[in-house]
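Counting from 1, position 187 in the sequence shown corresponds to residue 187 in the working numbering; the numbering is continuous, with no gaps. C-beta: ideal position from N, C-alpha, C; glycine also.
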Amino acid sequence: MALARRTLTPFGLWVFGAAASAPMVVLAGGIVATYATTRVTALPLTFLLVAGTVAVLAVGYTAMARQLGHPAAYYGILANGLGRGWGVAAGMVALVAYNAIQTSLFGLFGATMAAQLGGAWWVWAGIALAVVGVMGVRAIVLSTRVLAAVLTVSLLIVAAFVLACVGRPAAGGLSWEGFDASGLAVSGIGGAVAFCVAAFMGVDAPGSFVEEAIDRTSVGRATIGGVVVLGGVYALAAWAMGVAVGPGSVAEAAADPAAGLPFAVLERLGGWWVPLAELVLIFAVVTSMLAFHSVVARYVFAMAREGVLPAGLAQTGSAMRVSAPRGGSLTQTGTATVVVGAFALAGADPIGVMFTWLSTLGAMGLLCLLLAASVAAMTAPARVRGPQAGAWEWRLAPALGVLGGSVVLALMVGNVGSLLGAAPGPMYPFFLPAILTATAIVGGVWAGHLRQAKPEVYPGIGRGIPKTHAVPDAINVSI
1 MALARRTLTP FGLWVFGAAA SAPMVVLAGG IVATYATTRV TALPLTFLLV AGTVAVLAVG
61 YTAMARQLGH PAAYYGILAN GLGRGWGVAA GMVALVAYNA IQTSLFGLFG ATMAAQLGGA
121 WWVWAGIALA VVGVMGVRAI VLSTRVLAAV LTVSLLIVAA FVLACVGRPA AGGLSWEGFD
181 ASGLAVSGIG GAVAFCVAAF MGVDAPGSFV EEAIDRTSVG RATIGGVVVL GGVYALAAWA
241 MGVAVGPGSV AEAAADPAAG LPFAVLERLG GWWVPLAELV LIFAVVTSML AFHSVVARYV
301 FAMAREGVLP AGLAQTGSAM RVSAPRGGSL TQTGTATVVV GAFALAGADP IGVMFTWLST
361 LGAMGLLCLL LAASVAAMTA PARVRGPQAG AWEWRLAPAL GVLGGSVVLA LMVGNVGSLL
421 GAAPGPMYPF FLPAILTATA IVGGVWAGHL RQAKPEVYPG IGRGIPKTHA VPDAINVSI
């Protein structure tokens with residue numbers, strides 16, 4: 001059992017990472033919420049610093065992903081770098097993290113549509129579930145083209161927003177206070193770092209499509225390039241927002257719903273920009289769902305193919321003549337349906353509870369996995385590194401990434417209450433790190449069970465691409 005080969009170009013890989021991060025969602029939700037919650041005026045500089053940290057962390061991750069060619073990237077990386085038990089633990093954490101982020105978006109989508117058109121949020125979420133589920137079992141080519149189209153329009157709208165901001169600055173001139181390092185020495189910086197980390201989650205998605213890539217070596221360029229490009233886009237958008245309303249007033253404006261950020265600024269270019277941006281925001285949420293859905297489907301498929309999950313989940317379909325992970329896709333759709341249904345029955349706030357809590361859980365989990373992947377890169381045996389292993393990819397960058405990433409993770413965990421909108425004092429926000437820890441432990445225990453009960457399965461954990469091809473050379477080639 002294998003996925004279709006040679007279907008994704010380097011640009012196609014980049015599209016999946018960038019679409020998962022969703023620039024329109026970061027502009028309309030992330031940047032506004034960060035200003036309002038943390039009151040950090042140096043948010044543009046914070047985005048650049050976090051982008052640099054994530055980019056360095058991604059070096060070891062992409063080096064391992066390129067060498068292994070495993071669709072369940074973190075699972076394969078840790079299995080080969082730290083041991084099979086660590087690999088299974090990482091696979092379980094990745095499934096929880098990616099599912100959490102993907103499912104959280106149904107709350108955001110449902111609430112947004114209900115506010116615009118009326119009706120119950122869970123009805124709109126159900127419609128999105130059906131759309132993403134159908135797309136998920138189709139060929140990757142179709143998904144990539146849809147993601148690319150929405151991402152292109154999203155970036156154009158962000159560019160228009162920046163032009164609208166700088167065209168009419170609040171102070172009569174451009175202010176560069178957003179890049180002043182003194183603005184980092186404030187009480188809300190930990191929360192700002194945590195929000196910025198969450199904005200970059202999804203850029204690691206190309207690692208899960210390595211089996212379908214035309215060129216394995218492009219995974220690193222797509223992932224790190226995505227971090228660099230999106231880091232620049234987010235920093236520029238955050239700076240422009242400060243310019244539009246004034247660095248000293250941006251926190252108050254962001255916290256005031258009547259200010260209408262960022263759409264009120266777009267209205268300066270013409271009234272039709274606002275409905276266009278709102279429409280694209282909705283499509284951006286759906287394409288982000290689809291990107292994360294595709295990653296989860298590949299994790300389920302790859303882990304089932306190696307016997308870690310039930311073998312039936314490794315089923316592939318031949319939609320549009322190219323194999324797709326049908327079993328993994330249906331599993332993810334079923335999981336999301338159960339979670340959405342549970343939140344709906346509980347009467348939970350789709351944004352304040354469902355979106356906020358699940359997206360925070362996912363972001364924290366993926367940051368932990370990036371850190372673990374860097375450690376695995378440093379400890380990987382020579383057979384994994386290959387004959388031309390460079391010190392930067394396998395030693396220096398991972399070490400720097402672990403140092404910087406550990407600081408960022410500590411800030412994120414320490415400020416998890418800010419991400420959740422919780423008042424200072426209660427301990428319940430730390431339930432999220434506990435979930436991730438428990439998941440890793442369960443994964444390790446399951447690996448031990450496989451070692452004892454299925455000795456034929458255990459040695460194959462993390463082995464990667466099989467020798468047989470589902471499709472010798474894919475007929476359909478993505479963009």
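Quiz item: Under the three-state reduction of DSSP, which class applies to Gly-317: helix, strand or coil?
Solution: Note: Gly-317 maps to strand in three-state DSSP.
Practice problem: Output yes or no for whether 7 Å exceeds the beta carbon distance between Met-24 and Val-340. | Solution: Contact flag unset, no.
Exercise. Report the residue from Leu-269, Val-15, Phe-161 and Pro-206 whose alpha carbon sits nearest the alpha carbon of Ala-238.
Key: Phe-161
Quiz item: How far does the alpha helix (DSSP H) with Ser-418 in it reach, from first residue to last?
Solution: 416–420
Self-check item: Buried versus exposed call for Trp-121 [16 or more other C-beta atoms within 10 Å across all chains shown]
Solution: With 16 or more other Cβ atoms within 10 Å, it is buried.
Quiz item: Going by DSSP, what residues sit across from Leu-8 in a beta bridge?
Solution: Ala-213
Quiz item: Does the beta-carbon of Ala-18 have 16 or more other beta-carbons within 10 angstroms, so that it is buried, or is it exposed?
Solution: buried
Quiz prompt | Backbone CA spacing between Val-150 and Ala-284 [nearest angstrom] | solution = 6 Å
Quiz prompt | Sheet register partners of Ala-324 (DSSP bridge) | solution = Paired residues: Gly-317.
Quiz item: So what does DSSP say about Gly-460, is it helix, strand or coil?
Solution: helix
Quiz item: Out of curiosity, what's the CA-to-CA distance linking Pro-71 and Pro-206?
Solution: 9 Å
Practice problem: Inspect the beta-carbon positions of Thr-53 and Phe-195 and report whether they are closer than 7 Å. | Solution: no
Practice problem: For Gly-232, collect the residues of the same chain with a Cβ closer than 7 Å to its Cβ; drop the 5 residues on either side in sequence, then sort them by chain order. | Solution: none
Quiz item: Can you list, in chain order, the residues of its chain whose CB lies under 7 Å from that of Pro-310, leaving out five sequence neighbours each side?
Solution: Ala-304
Quiz item: So what's Pro-433 in DSSP terms, helix, strand or just coil?
Solution: helix
Quiz prompt | Nearest-angstrom Cα separation, counted from Gly-390 out to Leu-345 | solution = 53 Å
Exercise. With distances taken Cα to Cα, identify the nearest neighbour of Gly-12 among Thr-152, Val-137 and Ala-100.
Key: Checked all of Thr-152, Val-137 and Ala-100; the closest Cα to Gly-12 is Thr-152.
Quiz item: If we ignore side chains and look at the alpha-carbon of each, how far apart do Phe-209 and Ala-198 end up?
Solution: Each residue's alpha carbon lies about 22 Å from the other.
Quiz prompt | Candidates Leu-147, Ala-22 and Ala-255: closest to Leu-108 by CA position | solution = Ranked by Cα distance from Leu-108, the first of Leu-147, Ala-22 and Ala-255 is Ala-22.
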